[in-house]
Amino acid sequence: QQPVQSPQAVILREGEDAVINCSSSKALYSVHWYRQKHGEAPVFLMILLKGGEQKGHEKISASFNEKKQQSSLYLTASQLSYSGTYFCGTERGGGSEKLVFGKGTKLTVNP
Amino acid sequence: DAGVIQSPRHEVTEMGQEVTLRCKPISGHNSLFWYRQTMMRGLELLIYFNNNVPIDDSGMPEDRFSAKMPNASFSTLKIQPSEPRDSAVYFCASSTRSQETQYFGPGTRLLVL
Numbered sequence: 002q003q004p005v006q007s008p009q010a011v012i013l014r015e016g017e018d019a020v021i022n023c024s025s026s027k028a029l030y031s032v033h034w035y036r037q038k039h040g041e042a043p044v045f046l047m048i049l050l051k052g053g054e055q056k057g058h059e060k061i062s063a064s065f066n067e068k069k070q071q072s073s074l075y076l077t078a079s080q081l082s083y084s085g086t087y088f089c090g091t092e093r094g095g096g097s098e099k100l101v102f103g104k105g106t107k108l109t110v111n112p
Numbered sequence: 694d695a696g697v698i699q700s701p702r703h704e705v706t707e708m709g710q711e712v713t714l715r716c717k718p719i720s721g722h723n724s725l726f727w728y729r730q731t732m733m734r735g736l737e738l739l740i741y742f743n744n745n746v747p748i749d750d751s752g753m754p755e756d757r758f759s760a761k762m763p764n765a766s767f768s769t770l771k772i773q774p775s776e777p778r779d780s781a782v783y784f785c786a787s788s789t790r791s792q793e794t795q796y797f798g799p800g801t802r803l804l805v806l
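Have a look at this one:
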């Protein structure tokens with residue numbers, strides 16, 4: 002089951018904040034976040050394992066609510082370099098390493 | 694480390710031709726994944742290997758697609774015969790083990806005319 006990401010696209014001015022959500026209809030073991038710039042490969046941002054943890058990477062952080070089967074990515078004081086498409090990949094566990102990716106959220110940060 | 698290496702980076706072929714995509718995972722990684730990315734369908738997992746053994750090929754679209762991993766440092770994805778709807782970017786990714794980061798290669802842009 003492909004996770005659902007929202008919003009599909011967001012446009013920000015430099016310095017503004019954004020939240021990207023990722024929801025699944027199935028119980029999750031972990032959520033992976035990636036960023037892909039145009040014409041490039043997806044690049045890993047962070048993994049969140051079940052347990053409701055929150056992680057941070059510079060001014061980008063994320064949370065994982067196991068009960069609600071959703072994760073949110075928080076981008077604070079956005080920079081031009083944050084522009085790209087953000088994907089969440091969900092893993093159901095049970096020995097499977099398979100990630101199912103959402104369709105992505107396109108983030109554009111303007112000066 | 695050089696990262697995941699894919700070849701060719703670009704491939705243009707005619708419908709009906711055989712296409713072979715190649716991937717060299719990061720040394721020491723024992724899981725390898727093949728993905729296909731299109732605007733319509735996003736990033737789809739085609740197949741993944743663990744210790745050179747195919748574990749899940751449920752994403753392989755049809756019998757025209759096949760993948761092999763003869764050793765820990767090399768994998769191929771073959772399409773025979775190719776069709777225009779196979780046009781996409783094909784990514785290979787590798788990781789050390791379950792729940793770990795997947796490192797993506799630069800991708801192969803395939804265009805089937």
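Protein chains in written order, with my numbering: chain A, 2 to 112; chain B, 694 to 806.
For glycine and all other residues, C-beta sits at the position ideal for the given N, C-alpha and C.
- Asp-756 of chain B by DSSP, collapsed to three states: which one? As a position in the second sequence, residue 756 of chain B is number 63, starting the count at 1. In this structure, Asp-756 of chain B counts as coil in the three-state DSSP scheme.
- Query: Taking the alpha carbon of His-33 of chain A as the point to measure from, which residue in A:Glu-17, A:Pro-4, A:Glu-41 and A:Pro-8 has its own alpha carbon closest?
  - Reply: Within the first sequence, the letter at position 32 stands for residue 33 of chain A. If we check each option's Cα against that of His-33 of chain A, A:Pro-4 comes out closest.
- Task: Please specify which runs of the beta strand (DSSP E), each continuous and at least 3 residues long, are wholly inside the segment 707-782 of chain B, giving them in chain order.
- Result: 712-717, 724-731, 735-743, 746-749, 758-764 and 767-772
- Query: Are the C-beta atoms of Phe-45 of chain A and some chain B residue less than 8 angstroms apart?
  - Reply: Sequence index remark: in the first sequence, residue 45 of chain A carries index 44 (1-based). Yes, because at least one Cβ of chain B sits closer than 8 angstroms to the Cβ of Phe-45 of chain A.
- Message: Buried or exposed for Ala-25 of chain A, going by 16 or more other Cβ atoms inside 10 Å?
- Response: Translated into positions along the first sequence, residue 25 of chain A becomes position 24. A small correction: the amino acid at residue 25 of chain A is Ser; Ala does not occupy that position in the sequence shown. Looking at its Cβ environment, which holds 16 or more other Cβ atoms inside 10 Å, Ser-25 of chain A is buried.
- Item | Selection from B:Ser-780, B:Glu-711, B:Thr-769 and B:Leu-806 that minimises the alpha carbon distance to Arg-729 of chain B | Start at 1 with the first residue of the second sequence, and residue 729 of chain B comes out as number 36. Taking only the C-alpha atoms, the option nearest Arg-729 of chain B is B:Ser-780.
- Contact set between the segment 24-37 of chain A and chain B, restricted to residues whose Cβ is under 7 angstroms from the partner: Ser-31
- Query: Between Arg-702 of chain B and Thr-769 of chain B, is the Cβ-Cβ spacing less than 8 angstroms?
  - Reply: Residue 702 of chain B sits at position 9 when you count from the first residue of the second sequence. Residue 769 of chain B sits at position 76 when you count from the first residue of the second sequence. No. Outside cutoff.
- Ser-79 of chain A (DSSP reduced to helix, strand or coil): In the first sequence, counting from the first residue as 1, residue 79 of chain A sits at position 78. If DSSP states are grouped into helix, strand and coil, Ser-79 of chain A belongs with coil.
- Where do the N-terminal and C-terminal ends of the beta strand (DSSP E) with Thr-794 of chain B fall, by residue? Here residue 794 of chain B is taken as the residue at index 101 of the second sequence, counted from 1. Where Thr-794 of chain B is concerned, there is no enclosing beta strand (DSSP E), given that its DSSP letter is neither H nor E.
- Message: Below 8 angstroms, how does it come out for the segment 86-96 of chain A and the segment 15-30 of chain A: are there three or more Cβ pairs, yes or no?
- Response: yes
- Helix, strand or coil: which one does DSSP assign to Tyr-35 of chain A? Working through the first sequence from its first residue, we reach residue 35 of chain A at position 34. In the structure shown, Tyr-35 of chain A sits in a strand (DSSP, three-state: E or B).
- With 16 as the cutoff for other CB atoms within 10 Å, does Arg-790 of chain B come out buried or exposed? As a working mapping, residue 790 of chain B is identified with position 97 in the second sequence. Answer is exposed; the Cβ neighbour count stays below 16.
- Query: With DSSP run on the structure shown, which of helix, strand or coil describes Gly-85 of chain A?
  - Reply: Your numbering for residue 85 of chain A matches position 84 in the first sequence. If DSSP states are grouped into helix, strand and coil, Gly-85 of chain A belongs with the strands.
- Query: When you check each C-beta in the segment 70-85 of chain A against every C-beta of chain B, which residues fall closer than 7 angstroms?
  - Reply: Taken residue by residue, none of the segment 70-85 of chain A has a beta-carbon sitting less than 7 angstroms from a beta-carbon on chain B.
- Query: With a CB to CB cut of under 8 angstroms and the five nearest residues on each side skipped, what residues in its chain are close to Lys-99 of chain A?
  - Reply: The residue given as residue 99 of chain A occupies position 98 in the first sequence. Same-chain partners within the cutoff: Glu-92 and Arg-93.
- Message: Taking its Cβ as the centre, do 16 or more other Cβ atoms sit within 10 Å of Gln-71 of chain A, making it buried, or is it exposed?
- Response: Residue mapping note: residue 71 of chain A aligns to position 70 of the first sequence, counting from 1. By the neighbour-count criterion, in which 16 or more other beta carbons inside 10 Å mark a residue as buried, Gln-71 of chain A falls on the buried side.
- Message: Could you compute how far the alpha carbon of Leu-76 of chain A sits from the alpha carbon of Arg-36 of chain A?
- Response: In the first sequence, the residue the question calls residue 76 of chain A occupies position 75. In the first sequence, the residue the question calls residue 36 of chain A occupies position 35. Leu-76 of chain A and Arg-36 of chain A: Cα-Cα distance of roughly 12 angstroms.
- Task: Can you pull the chain B residues whose beta carbon is under 7 angstroms from the beta carbon of Ala-42 of chain A, in chain order?
- Result: For the purposes of this step, residue 42 of chain A is taken as the residue at position 41 of the first sequence. Phe-784, Phe-797, Gly-798, Pro-799 and Gly-800, listed in chain order.
- Task: Consider the Cβ of Phe-88 of chain A: report whether some Cβ of chain B lies at a distance smaller than 8 angstroms.
- Result: Reading the first sequence from its first residue, position 87 is the one you call residue 88 of chain A. So, interface residue.
- Rounded straight-line distance, which links the Cα of Lys-104 of chain A to that of Trp-716 of chain B: In the second sequence, residue 716 of chain B corresponds to position 23, counting from 1. In the first sequence, residue 104 of chain A corresponds to position 103, counting from 1. The amino acid occupying residue 716 of chain B in the given sequence is Cys; Trp does not appear at that position. About 24 angstroms.
- Proximal chain A residues relative to Asp-779 of chain B, where beta-carbon distance stays under 7 angstroms: Position 86 of the second sequence, counted from the start, is the residue given in the question as residue 779 of chain B. Per Cβ cutoff of 7 angstroms: no residues; Asp-779 of chain B is ~19 angstroms from chain A at best.
- Item | Top-ranked residue by Cα proximity to Leu-81 of chain A, from A:Glu-17, A:Pro-8, A:Gln-6 and A:Gln-2 | By 1-based counting over the first sequence, the position of residue 81 of chain A is 80. Here the closest residue by C-alpha is A:Glu-17.
- Query: Under three-state DSSP, which class holds Lys-107 of chain A?
  - Reply: The residue labelled residue 107 of chain A in the question sits at position 106 within the first sequence. Lys-107 of chain A falls in the strand class under three-state DSSP.
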